[in-house]
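*Asks:* Protein chains in written order, with the numbering used here: chain Y, 43 to 192; chain X, 4 to 395; chain S, -14 to 362. Virtual Cβ for every residue (Gly too), placed ideally from N, Cα, C.
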Amino acid sequence: MELLGRQEVWNITYDHALGETASYFFTQIRDNGKIFGRRCAKSNKVLVPPRAFSDETLLPTTEWVEVGPGGRVEAFTFVYEQFNNLPPPPYAFGYVLLDGADTALGGYFKGVDLTNPREAAEALAIGTRVVTKFAEQRKGDVLDFWFEVA
Amino acid sequence: MTDRVGIIGIGQSNFRSRRDDASYPDLVREAVVPAMLDAGLDFDAIDAVVYSLSPDAMVGIGNAERLGVDAVGGRNKRFLRINTGGATGISSVTAAYYHIASGVCDVVLTAGADKVGECGDSQTVLNKIWDPTYERALPLGTINMLAMSAVRYMQRYGMTEEDMAYVTVKNRRQAALNPRAHLRKMVTIDDVMDSRVISWPIKLMDCCPQSTGGAAMVLASEQFIRDNNLDAVWITGVACRAETYWMGDRMGNNPTAEHADAYALGRSFAQSYRMAGITDPAKQVHIAELYAPFSNTEYHAIDAAGLVANFGDSIKRLRDGEFELGGRVPVNPSGGTLCTNAIAVTAMARVAETALQVWGRAGAHQVDGARVGIASGNGGDHQIFGTMVIEA
Amino acid sequence: MAYRVRPAVVGCAIRPAITERTRSLEEIIYDISQAALADAGLTIEDIDGIVVGCNDQFDGRAISVMMASGPTGGVDRDILSTPSSSEHAFILGALRVASGQFRTQLVVAWSPTEASSLSEAQRLGADPYFHRALPLDELSSHALQASALSHVWPNAWIFAETVAVKNRRHAALAWPDPPARPRAGPARWPLTERLTTQPVTGAVAMVLAGQPFVRERAFEAPAWLRGMGWATEAAFLGDRDLTTAPALKEAARQAYAEAGIADPTAAFDVVEITDATGYAELIAYDALGLASRAEIAPRMAEGWFARGGRLPVNLSGGVIAFNPVFCTGMIRIAEIANQVRGRAGPHQSPGVRLGLAQAGSGFAMQYQSAIVLGADA
């Protein structure tokens, strides 16, 4: 009994409105190489990346706070596997608590030797100080910055 | 007491990587028929269907539940679909529970299937669950998300890669006894430690497979069960809780939910236990099917289920044999999600397996004398959790 | 099959057309959720659970409930999602309140227009086995239904166009300052461009509460759930008689039985129907027992379904007014709730005691729901 198959590809482009809060965040990165968080007055937490409201208090956030460029590693992983439409391995990425922020921001870690993951894990151990680096040419995008060990 | 909700029928596929012989609706049907036979009912008796289906992109059909209508005998019947990511299966049983607990329905069928093996690679689809504003550009996927949880759990509680391997070894040994499981080959600690690193510290054998297959369950009101002299097990506790979607908020200064732990899972279990009247789960629970698609996550699931006194105690106690067949509270005697993961129904399989256990029908992987069991499901970026207590 | 606890709608917020791009989708969901809570005079602490109705392909997210959990107040709360339709979110929310295990539920739905082509997104709903190669999006499915009906009723087009004119007239009264000017839909034979409206972004949210909570907080004019029915047609269009809506007949049967309604033409003060096209509204009249096919012409001639008539349908203007595709179903329910609560604004019908909302979704209205809301518990 011959079994047939059929190939289908999902291909839809989305034009997502970023809203004022995210737009400010990205224009600051693009134009000034600075990272900003947004404070919730009730919890007093500076949320990074910034949001128009806190999902904990459900109140609108109230002020912009510049954060970083220094920070500490909160989480990391090293990827050694190729997945469709994701970058070629190996790469390191994770989350960093920038100075002045209360929540951690995701980004790539560059400049880490990934030959031996256990050694790399020590180099990026939680708490390690890092610094934010910015690309020369920036688009207003999460890939405009990354983190390196300080 | 005549207002409980019971489980009267269960059906599951023998899960595999690919099923070139079956279309997606065929797989649903394959689980529905045995569930109906198990319940001893005709489709006429079904008042409503709750369809279990997580990301459409996995099966490659938008609103694929529409295609499943005939497979579940749903024409002209009450029908709706649930999607809470990986927790979908348990959320579907939960929704079915409320159809009955509301007083509106007496008998509800919940069913679904997945063809994860067919979608090319699931991490590509799962990358799309993150928000396009800030995080889509990062190569996030469920594997590396939980690798980061592992890194934090290692720092907080001293878990090692070897500790993770212990979970895989245990679950594979148990899956070998379960004809429904996908990965049934036993492995050693060395096998796991030697397997290639996917996203450190998670290695290939620390990961769940991409499984294909279906699951179905029939629930009924206590009145219907008594009126028709049916055999049943009972859902005595049910709850659901979400934590923040933002992983970075589960780190940093005083997070409410810690990414190493499973905060909302703990909250959901607490609510289910309250409902079921369980005050000391470590002593009162006999079997647990806890959703854990990666070996490290079984630890925080055990912690969150209150099966140990303190977070992190699960590591040593698992090594001591407390959570395997023959131990104090066998966890994932079916092999769990680590050995079988057809995403749309994997959390339903947790409920199904728990029900089979307290029913005494789990076959070779039966936990002797089990009468009180718990099941859990996780969805999204480790964000939405569902829990149940099931009793004989 | 009585509800253990009778649910009521105590708050609504409807934004049927959002044209500015100043708020992200997450922020839109936050706004509508907060608005519904404000309308109910409640805070998130009063909410025991949430159900959202949203579509991954429209939203551009593989699990759209994840992103919604924050803005709807789902953090550290119980949240579920019904991507099958927005009206299913209402239904599940109502079932949860009816169980007595939740004092309240917040139900929220939204429909963005960020996809390059909603038609493309909808076409992904056609099965890859037999139908994906066809241009089968929702508009095509409505056209197929219109074509089938026209075959057995050659004058159907006259009445379909009349329905559209009626609903547009209602819209002009309901929205003296409309949030958007509706743009005519493309023609797709036999549908003329007058019979549909281009999709817009929209959002809707409702707060449900059980009888004890309603009493405790002394809500002034809740809209009580008197009856609820829902069903689905078969999956393949080819398996269906597209001139009829048996799933809607069944949904109506369930709802009328619960509400104790023998004669729907006499029982209801207002009706909202999901007029994906005027043809869909005609088919719904029949399936809901408001007018059989033979009765439609004389009843329309008598102005039954127009404002001021015996059984006004779509005083809100319906879908021809605004088409936030995915949430049109829940909007129908919210509109009826508002009519019963006396909060419908410019299109309020005086003295509404009992209303009917019909919600239809999917290819040629595959999913059908009928909700009866009334002023009495």
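#1: With a Cβ-Cβ cutoff of 8 Å, do Val50/S and Asn17/X count as a contact?
#2: What does Ile168/Y touch in chain X if you count any residue whose Cβ is under 8 Å from its own?
#3: Taking CB distances under 8 Å as the criterion, tell me whether Tyr56/Y reaches chain S.
#4: Find the residues of chain X that neighbour Val60/S, judging by a C-beta separation of less than 7 Å, and give them in chain order.
#5: Taking one C-beta from the segment 173 to 190 of chain X and one from the segment 327 to 347 of chain X each time, how about it: are there three or more such pairs within less than 8 Å?
#6: Among Val192/S, Trp289/S, Leu10/S, which one has its Cα closest to the Cα of Ala79/S?
#7: Just reading off the alpha helix (DSSP H) that Phe144/S is part of, what are its end residues?
#8: Can you look up Leu91/S in the DSSP assignment and give me helix, strand or coil?
#9: Measuring only between beta-carbons, confirm whether Ala192/Y sits less than 8 Å from chain X.
#10: Pull the bridge partners of Cys243/X from the DSSP assignment, please.
#11: Tell me, please, whether the CB atom of Arg1/Y is closer than 8 Å to any CB atom in chain S?
#12: Looking at the secondary structure, which residues open and close the beta strand (DSSP E) in which Glu235/S lies?
#13: Indicate whether the contact test is met: 3 or more Cβ pairs, each with one atom in the segment 211 to 223 of chain S and one in the segment 79 to 97 of chain X, closer than 8 Å.
#14: How would you call Trp249/X, buried or exposed, if buried means at least 16 neighbouring beta carbons within 10 angstroms?
#15: Using 8 Å as the limit for Cβ to Cβ distance, is Asp97/Y near chain S?
#16: Would you mind telling me which residues of chain X sit closer than 8 Å to Tyr(-12)/S, beta carbon to beta carbon, in chain order?
#17: Between the segment -6 to 6 of chain S and the segment 111 to 125 of chain X, do three or more beta carbon pairs fall short of 8 Å?
#18: Can you say whether Ile17/S is buried or exposed, counting buried as having 16 or more other CB atoms within 10 angstroms of its CB?
#19: In the DSSP assignment, what residue or residues form a beta bridge with Lys181/Y?
#20: I'd like to know whether the C-beta of Trp52/Y is nearer than 8 Å to at least one C-beta of chain X.
#21: Here's the rule: buried if 16 or more other CB atoms are within 10 angstroms of the residue's CB, otherwise exposed. What is Ile318/S?
#22: If we count the other Cβ atoms within 10 Å of its Cβ and call it buried at 16 or more, is Met189/X buried or exposed?
#23: Hey, how far is the Cα of Ile356/S from the Cα of Asp47/X?
#24: Is the beta carbon of Arg74/S sitting closer than 8 Å to the one on Met315/S?
#25: At a CB distance below 9 Å, what residues from the segment 70 to 87 of chain X approach chain S? Give them in sequence order.
#26: Going by CA-CA distance only, name the one from Thr55/Y, Ile54/Y, Gly79/Y that's closest to Ala64/Y.
#27: Tell me whether the beta-carbon of Gly195/S lies closer than 8 Å to the beta-carbon of Gly85/S.
#28: In terms of alpha-carbon separation, which member of Cys211/X, Val221/X, Gln369/X lies closest to Val332/X?
#29: Assign Thr163/X to buried or exposed, taking buried as 16 or more other Cβ atoms, counted over all protein chains shown, within 10 Å of its Cβ.
#30: Could you tell me whether any Cβ in chain Y is nearer than 8 Å to the Cβ of Thr127/X?
#31: Using 8 Å as the threshold, is the C-beta distance between Ser71/S and Ile64/S below it?
#32: Any C-beta of chain S sitting closer than 8 Å to the C-beta of Lys118/X?
#33: Compare the beta carbon distance of Val185/S and Asn308/S with 8 Å and say whether it is the shorter of the two.
#34: Just to make sure I have the definition right: I need the residues of chain Y whose C-beta is within less than 9 Å of the C-beta of Met162/X. Which are they?
#35: Do you know how far the Cα of Gly12/X is from the Cα of Ile103/X?
#36: Along chain S, which residues have their Cβ under 9 Å away from the Cβ of Gly142/Y?
*Replies:* Judging by the given coordinates:
#1: Contact check for Val50/S against Asn17/X fails: the beta carbons are separated by 8 Å or more.
#2: What Ile168/Y touches in chain X: Val154, Arg155, Gln158.
#3: For Tyr56/Y, the answer is yes, since a Cβ of chain S falls inside 8 Å of its Cβ.
#4: Those within 7 Å of Val60/S in chain X are Ala245, Glu246, Thr247.
#5: A contact exists between the segment 173 to 190 of chain X and the segment 327 to 347 of chain X.
#6: Of Val192/S, Trp289/S, Leu10/S, the residue nearest in Cα terms is Val192/S.
#7: First-last of the alpha helix (DSSP H) with Phe144/S: 141 to 159.
#8: In this structure, Leu91/S counts as strand in the three-state DSSP scheme.
#9: For Ala192/Y, the answer is no, since every Cβ of chain X falls outside 8 Å of its Cβ.
#10: Answer is Gly389/X.
#11: The first residue shown for chain Y is 43 and the last is 192, placing residue 1/Y beyond what the model contains.
#12: Element bounds for Glu235/S: not the beta strand (DSSP E) but the alpha helix (DSSP H), 231 to 244.
#13: At 8 Å Cβ cutoff, the stretches touch.
#14: By the neighbour-count rule (16 or more Cβ atoms within 10 Å), Trp249/X is buried.
#15: Interface residue, yes.
#16: By Cβ distance, chain X contributes Ser105, Gly106, Val107.
#17: Short answer: they don't touch.
#18: Ile17/S should be labelled buried.
#19: DSSP output for Lys181/Y lists no bridge partner at all.
#20: So, interface residue.
#21: With 16 or more Cβ atoms within 10 Å of its Cβ, Ile318/S is classed as buried.
#22: Result: exposed.
#23: The straight-line gap from Cα to Cα measures roughly 24 Å.
#24: In the sequence as displayed, the identity of residue 74/S is Ala instead of Arg. Pairing Ala74/S with Met315/S gives a Cβ-Cβ distance under 8 Å.
#25: Going along the segment 70 to 87 of chain X in chain order, one finds Leu70, Gly71, Val72, Asp73, Ala74, Gly77, Arg78, Asn79, Lys80, Arg81, Phe82, Leu83, Arg84, Ile85, Asn86, Thr87 with a Cβ nearer than 9 Å to chain S.
#26: Ranked by Cα distance from Ala64/Y, the first of Thr55/Y, Ile54/Y, Gly79/Y is Gly79/Y.
#27: Yes. Within cutoff.
#28: For Val332/X, the closest alpha carbon among the candidates Cys211/X, Val221/X, Gln369/X is that of Gln369/X.
#29: Residue environment for Thr163/X: exposed (fewer than 16 other C-beta atoms within 10 angstroms of its C-beta).
#30: Look at Thr127/X: its C-beta is under 8 Å from a C-beta on chain Y.
#31: Contact flag unset, no.
#32: Not flagged as an interface residue toward chain S: Lys118/X, since no C-beta distance is shorter than 8 Å.
#33: In contact: Val185/S and Asn308/S (Cβ atoms closer than 8 Å).
#34: Near Met162/X there are no residues of chain Y at all, since even the closest Cβ is about 13 Å away, more than 9 Å.
#35: A straight-line Cα-Cα distance of about 15 Å links Ile103/X and Gly12/X.
#36: Those do not exist, as Gly142/Y stays about 22 Å from chain S at its closest Cβ, beyond 9 Å.
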